[in-house]
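Just so you know, the protein sequences line up as chains E and Z, in that order.
Residue numbers are given in my numbering: position 52 of the first sequence equals residue 1043, and the series is strictly consecutive.
Residue numbers are given in my numbering: position 3 of the second sequence equals residue 994, and the series is strictly consecutive.
We put the CB at the ideal spot given by N, CA and C, even for glycine.
2 protein chains.
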Amino acid sequence: MGEFELIRQFFTRPTRGAVLGVGDDCALLQSAPGMQMAISTDMLVSGRHFFADTNPQALGHKCLAVNLSDLAACGARPLAFTLALALPDADEAWLAPFSQGLLALADAHGCELIGGDTTRGPLNICITVFGEVPAQGSRTGAVTGALLRSGAHAGDDIYVSGTLGDAALALRALQGELLLPPEVLAVARNRLERPEPRVALGLALRGVASACADVSDGLLGDLGHILERCGLGAEVQTDRALALLAARAQCAGGEAQFDRQYGYSTVQQCVLAGGDDYELVFCAPPAQRAAVAQASARSATPVTRIGSLQAAPGLRLVDGLGRAVAPKLASFDHFSAPSEGRL
Amino acid sequence: MGEFELIRQFFTRPTRGAVLGVGDDCALLQSAPGMQMAISTDMLVSGRHFFADTNPQALGHKCLAVNLSDLAACGARPLAFTLALALPDADEAWLAPFSQGLLALADAHGCELIGGDTTRGPLNICITVFGEVPAQGSRTGAVTGALLRSGAHAGDDIYVSGTLGDAALALRALQGELLLPPEVLAVARNRLERPEPRVALGLALRGVASACADVSDGLLGDLGHILERCGLGAEVQTDRALALLAARAQCAGGEAQFDRQYGYSTVQQCVLAGGDDYELVFCAPPAQRAAVAQASARSATPVTRIGSLQAAPGLRLVDGLGRAVAPKLASFDHFSAPSEGRL
């Protein structure tokens, strides 16, 4: 058996929902009546998006998770994905756990592998994911029931799901920039290596959220995408956001102790501009607060209200008393111009 | 403007057929009623699928062409594609012609760029393409109107479109393995660098061909995929196939002169196992010969009948008198185990 036959063996499974899966020139998917296909693609490169020695099972999980997170941001139900894989060599000891991590997450979300391409080359993993959303939105004249980055209005609340900044904190620790206690590092590292895409929350927010994006490049950057598409500004209560750094909230000595030890600017940088969170940042009118709480409960996903949209352009960070906060963020001035990005 | 903003500028265009194109977490596509989505993905790696110094305009053309060829093999009408691009740097002098070549072919086929991902890394181009096929086939109980690798029967004719082997001939010349006259090299090189996907033929063969695949890994290898999926064998008239090497057919001194100069085994190797042809190999019952001729005429694509399917497994190469031919092909024994492949 050739080495790429081996790869095929790791990734070929019976077709479930697709009309045709792995094994022909194309895969075939059929949308249910009244549904649209949501599509996203992400390419992960060794040494840039992950360390070359990353646990391959975690890597398999993560490279699908970041794609599912895009579906979550659109309120799409995952259906299927394709996998293109460039490998320096076909190493069974790497492929077996990689495929396990990948397919376990796929199974958890009912998202089947329907095709792909394998080649020799510098390690590169490119996944394209397909989900479905209703073709009709709840708003009059809407051409889609998907959650979009556009559509929110001034006065809408801004929410973020889960926790923020722990992945960035783990990255700094793994790069030797700071030293975390082992138990803190373990939790933060798990967030970096095994993000859980907020698919259930995205589905629950259909018809509730007025705009949504996933937090992959950092909270302020991704909120910035919403502001740009909506033509609005925002006020964000920094304290509420910073409280979402799990490592800080759980620090035995309290938040003040954590800030003294690692620096308040590190906390700000990780939470507001860290990236790799794969949470959802979304907006909803104040009249929908009960509906947001229901969506949070139904999806068993905590959400925190961190601010509101405003007509005046720009992003204002304020403290609990509404006073302006000037964060020290390396990337803050450039949050709308990330060094790489989505088309 | 950041360098990846530059990339975005080269690739972002107004949305036409898609519900939502570039610029959100997901793109949105809606199938017409009664249609299915055909999906294929291909990853092209520098130094493996193309020379690092390949003309970027030709490369842009080719990386979409190889994907459209998969749609052609399914009889799918191109709709849209996503592009994931890893680049060592964002070089405008490379990006401008690359995007021109890519988008010119996309426009020619009404196939719009609806999303993607850009990152820094070793040059890697991953395209996922979407087309549509009728959900109902002409055969009773068919779950798709797509052309598949499966479905043909013993006695069906085997056809191949266009010309074969010139891309492989050009590759050998560019690698210094043989010397071609400049005018011959120019024609062959054009086939290597600017393949024209047989989309129109694929569409015309809906309801006519009993099985179809595109010739990307070499005629015998790709015909082998059909045989495997159909559980059949085949007899191929080698002379008819070898006559499809354009450089040989057009040789001023005649085919015999060409064979003397470059070696008959080179001719065999290029035509039967060369790869990079992006023609279609397909089957149809003898009763459909007139319909195949019509499909060929309607799509302005020459097709040649090169053999027939047989119940006995295996692939038999015969000469014009039906006598067995034993080709000297490096990859012949392994044609069903290519060194890399499609999931």
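Note the first and the last residue of the continuous beta strand (DSSP E) segment covering D1226(Z).
Just to set this straight, residue 1226(Z) is Glu in the shown sequence, not Asp. Looking at the DSSP string, the run of the beta strand (DSSP E) that includes E1226(Z) is 1224-1228.
Nearest CA to the CA of P1079(E): which residue from Q1000(E), T1006(E), A1043(E)?
A1043(E)
Which residue wins for smallest C-alpha separation from R1111(E), given the options P1047(Z), S1037(Z), G1092(Z)?
S1037(Z)
Please confirm whether C1017(E) has its beta-carbon closer than 8 Å to some beta-carbon of chain Z.
yes
Listed in chain order, which residues of the segment 1193-1221 of chain Z have Cβ atoms closer than 7 Å to some Cβ of chain E?
Contacts with chain E (Cβ-Cβ distance below 7 Å) from the segment 1193-1221 of chain Z involve A1204, D1205, listed in chain order.
Can you look up D1082(Z) in the DSSP assignment and give me helix, strand or coil?
coil
Report, in whole angstroms, the separation of the C-beta atoms of R1073(Z) and G1107(Z), which I expect to be a contact under 8 Å.
Residue 1073(Z) is actually Thr in this sequence, not Arg. Sure, about 5 Å apart at Cβ, within 8 Å.
Do the segment 1150-1158 of chain Z and the segment 1289-1305 of chain Z touch if we need at least three Cβ pairs shorter than 8 Å?
yes
Return helix, strand or coil for L1171(E), following the three-state DSSP convention.
Note: L1171(E) maps to coil in three-state DSSP.
Alpha-carbon spacing of T1045(E) relative to P1005(E), whole angstroms:
29 Å
Cβ closer than 9 Å: which chain E residues qualify as neighbours of Q1091(Z)?
Neighbours of Q1091(Z) on chain E: none; closest Cβ ~16 Å, over 9 Å.
Is it buried or exposed for R1280(Z), if we count other Cβ within 10 angstroms and need 16 for buried?
exposed
S1090(E) to Q1048(E) span [Cα, whole Å]:
Rounded to the nearest whole angstrom, the CA to CA distance from S1090(E) to Q1048(E) is 7 Å.
Within chain E, partners of I1149(Z) - CB distance below 8 Å
Ordered by position in chain E, no residue passes the 8 Å Cβ test against I1149(Z), which lies about 17 Å from the chain.
For C1221(E), three-class secondary structure by DSSP
helix
Touching or not, the segment 1020-1027 of chain E and the segment 1115-1127 of chain E, by the rule of three or more beta carbon pairs under 8 Å?
At 8 Å Cβ cutoff, the stretches touch.
Taking 8 Å as the CB-CB cut-off, is V1294(E) touching chain Z?
no
Please go through the same chain and pick out, in chain order, the residues whose beta-carbon is closer than 6 Å to the beta-carbon of V1262(Z), but skip the five residues on each side of it.
These residues qualify, in order along the chain: L1155, G1156, A1232, L1233, L1236.
Pick from C1065(Z), A1075(Z), L1062(Z), L1011(Z) that is closest to R999(Z), judged by C-alpha positions:
A1075(Z)
Got a sec, what are the start and stop residues for the beta strand (DSSP E) L1196(E) sits in?
From DSSP, L1196(E) is part of no beta strand (DSSP E); its letter is neither H nor E.
Taking R1189(Z) and E1270(Z) to be in contact with their CB atoms under 8 Å, please state how far apart those CB atoms are, rounded to whole angstroms.
6 Å
For R1140(Z), which residues in chain E fall below 9 Å Cβ to Cβ?
Identification of chain E residues near R1140(Z) by a Cβ-Cβ cut-off of 9 Å yields G1014, D1015, D1016, ordered along the chain.
By a C-beta neighbour count over all protein chains shown, 10 Å radius and 16 as the cutoff for buried, is G1092(Z) buried or exposed?
Result: buried.
Taking D1061(Z) as the query, report the chain E residues whose CB atoms sit under 8 Å from its CB, ordered along the chain.
D1016, C1017
Proximal chain E residues relative to S1022(Z), where beta-carbon distance stays under 8 Å
Q1021, S1022, M1028
Going by C-alpha distance, which of K1053(Z), S1256(Z), G1008(Z), V1199(Z) is nearest A1278(Z)?
V1199(Z)
E1083(Z): buried (16+ other C-beta within 10 angstroms of its C-beta) or exposed?
The residue in question, E1083(Z), is exposed, as its Cβ has fewer than 16 Cβ neighbours within 10 Å.
Just the Cα atoms here: how many angstroms apart are S1327(Z) and F1249(Z)?
Since pLDDT at S1327(Z) reaches only 34, below the 50 mark, its modelled position is unreliable, and no value is offered.
Contacting positions in the segment 1101-1113 of chain E - beta carbon closer than 8 Å to chain Z
The residues in question are L1104, I1105, G1106, G1107, D1108, T1109, T1110, R1111, G1112, P1113.
Just how far apart, CA to CA, sit Q1301(Z) and R1314(Z)?
16 Å
Spatial distance of R1185(E) from A1164(Z) (CA atoms):
Near 48 Å, if we compare the C-alpha coordinates of A1164(Z) and R1185(E).
Using a C-beta cutoff of 8 Å, does C1274(Z) count as contacting chain E?
For C1274(Z), no CB of chain E lies under 8 Å from its own CB, so it is not counted at the interface with that chain.
Test: C1117(E) CB closer than 8 Å to a CB of chain A:
Of the protein chains in the structure, E and Z, none is chain A.
Quick one: complete alpha helix (DSSP H) runs, 4+ long, within the segment 1072-1140 of chain Z?
1083-1099
Beta-carbon of S1287(E) versus every beta-carbon of chain Z: anything under 8 Å?
Chain Z places no beta carbon closer than 8 Å to that of S1287(E), leaving this residue out of the contacts.
Measuring only the C-alpha atoms, how far is R1251(Z) from G1245(Z)?
10 Å
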